[in-house]
Amino acid sequence: MIQTTAQEPAADVGSLRNARPALPAPAPGERWTYFASELSAEELEDLERSAPGVRIVAALSREQALARAAEAHGVEAYYATPEFLARAENLAWVQAMSAGVERYLDVPALRESERIVLSNQQGASGPAIADHAFAMLLTLTRDLRFYAKEQDAARWTRSGDRAFALQDKTLLVVGLGGIGTEIARRGAGFGMHVLATRRSDAPGPDFVARLGSSEDLMSMLPEADVVAIAVPLTAETEGLFNTEAIAAMKPGAILINVARGKVVDTSALLDALRSGHLGGACLDVTEPEPLPPGHALWREPGVVITPHVASAAELTGERATALLRENLRRFGAGEPLLNVADKAAGY
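Per the working numbering, numbering of the sequence shown is gapless, rising by one per residue and ending at 357.
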């Protein structure tokens, strides 16, 4: 992990897992070229000052970038279309400005290229998404929607009946990556007993009482009062929470999904909510997405829905900029890049 400077958020913002350089350092007097999308003059100046080995070309349209594809040694993933990749003979690095990279790995020329390094923003949005997960959870556990309606009507009503405390409840975090770790940290802060799963065998932080593998998920689900999904969308995780997995959850448990909508089988979720097997669901992502106006999920009383906005926060932007700044510096110095995606694993 790297630490930000005093001018940046005081947090870890990048991972050295899979770290590798995209190119060696350029020859003296030369610079690698990177295509960025929208940058203010101040942002451009800041990034160029931090990465003297990189010439940053900003605000090109996709058509303009396509015409200049041969110039690019690195690009923001926005430009990495099949047409661009076919012309970008010197391209060695693609930087995704999101944590998830599944849409970029749908492009065969990027997925199958050993020459092109793909990196992401995993970790930049972790604190904000974890805050949002608990905001949704507390909306249910403290019955805040009921009281919001009473406030709108100027009524001092004390008859909400869903409220319960998180202290001593069990939280299972499915996917202990950058986002999952922040969710687990907040769960421990609420006095919850925190369990987690992760794909790798790396040790967990002290605030996770027990860490299992993805193969342990089914045996751990019955223990949890709250299950928070924070896995990337891959071939392995699509439909992970199907009828069988949801049935294995503890009766009355609450499901949180801040990952991707396709990780959860929506029909199975609705069945479990309607039968009373699940006590509620907190969904920042859905399948389908956007959720159509007439969809049954909107009408479920135990469901809190937000429109894929969990990462929204000034802090997220600051952390994303810090990570991009450091990766540009590393790119121009021939150093290993941070947050390099494992293309075979899908994240």
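Ideal Cβ positions, reconstructed from N, Cα and C, are used throughout, including at glycine.
Next item on the list: Give the straight-line distance between the Cα atoms of T316 and R335, rounded to the nearest whole angstrom.
Entry: Numbered from its first residue, the sequence shown carries residue 316 at position 306. Numbered from its first residue, the sequence shown carries residue 335 at position 325. Computed Cα separation, rounded: 30 Å.
Next item on the list: Grab me the residues of R209's own chain with a C-beta within less than 6 Å of its C-beta, minus the 5 sequence neighbours each way, in chain order.
Entry: Position 199 of the sequence shown, counted from the first residue, corresponds to residue 209. So the list reads S224, once near-sequence residues are dropped.
Next item on the list: Since I believe S60 is in contact with L338 (beta carbons under 8 Å), could you give me their beta-carbon distance rounded to a whole number of angstroms?
Entry: Taking the first residue of the sequence shown as position 1, residue 338 is located at position 328. Taking the first residue of the sequence shown as position 1, residue 60 is located at position 50. Their Cβ separation, rounded to whole angstroms, is 7 Å, which keeps L338 and S60 in contact under 8 Å.
Next item on the list: Please determine, among G342, S135, E99, G356, the residue with the shortest C-alpha to C-alpha distance to R125.
Entry: Here residue 125 refers to the residue found at position 115 when the sequence shown is read from its first residue. It is E99.
Notebook entry, point to check: In angstroms, rounded to a whole number, what distance separates the CA positions of L76 and A46?
Noted result: By one-based count along the sequence shown, residue 76 stands at place 66. By one-based count along the sequence shown, residue 46 stands at place 36. Between L76 and A46, the C-alpha separation is close to 13 Å.
Checklist line | Assumed close pair V23, A134 - CB separation to whole angstroms, cut-off 8 Å | finding: Translated into positions along the sequence shown, residue 23 becomes position 13. Translated into positions along the sequence shown, residue 134 becomes position 124. Yes, they are in contact, since the Cβ atoms of V23 and A134 sit about 6 Å apart, within 8 Å.
Next item on the list: List the whole-angstrom C-beta distance separating A320 from N130, where the pair is believed to meet the contact cut-off of C-beta under 8 Å.
Entry: In the sequence shown, residue 320 corresponds to position 310, counting from 1. In the sequence shown, residue 130 corresponds to position 120, counting from 1. Not confirmed; about 16 Å, so no contact.
Next item on the list: May I ask you to verify whether the stretch 102-120 touches the stretch 274-291, counting CB pairs closer than 8 Å and requiring at least 3?
Entry: With the cut-off at 8 Å, the stretch 102-120 and the stretch 274-291 do not touch.
Next item on the list: Under 6 Å Cβ to Cβ from R121, same chain only, skipping five residues before and after it: list those, please.
Entry: Residue mapping note: residue 121 aligns to position 111 of the sequence shown, counting from 1. So the list reads L115, K353, once near-sequence residues are dropped.
Next item on the list: With DSSP collapsed to three states, give me the class of L221.
Entry: Here the question's residue 221 lines up with position 211 in the sequence shown. In this structure, DSSP gives L221 an extended state, which the three-state scheme calls strand.
Check: Is T14 helix, strand or coil by DSSP?
Finding: Here residue 14 is taken as the residue at index 4 of the sequence shown, counted from 1. Confidence at T14 is low in this model, with a pLDDT of 43, below 50, so its placement is unreliable and the value that follows should be read with caution. Coil, per DSSP.
Checklist line | Rounded C-alpha distance that separates Q17 from A332 | finding: What you label residue 17 is simply residue 7 of the sequence shown in a count that begins at 1. What you label residue 332 is simply residue 322 of the sequence shown in a count that begins at 1. Interpretation of Q17 is limited by its pLDDT of 42, a score under 50 that renders its predicted location unreliable; no figure is taken from the coordinates.
Next item on the list: Check the Cβ-Cβ distances between R220 and every residue of chain B, and say whether any is below 8 Å.
Entry: Judged by its chain identifiers, the structure shown contains no chain B, having just a single protein chain.
Margin query: Please report the straight-line C-alpha distance between V86 and N267, rounded to a whole angstrom.
Written below: Locating residue 86 in the sequence shown gives position 76, counting from the first residue. Locating residue 267 in the sequence shown gives position 257, counting from the first residue. The question names Val, but residue 86 in the sequence shown is Glu. When rounded, the distance between both Cα atoms is 27 Å.
Next item on the list: Consult DSSP for A46 and reduce its assignment to one of helix, strand or coil.
Entry: Stepping through the sequence shown from its first residue, residue 46 is reached at position 36. Secondary structure at A46: strand, using DSSP grouped into helix, strand and coil.
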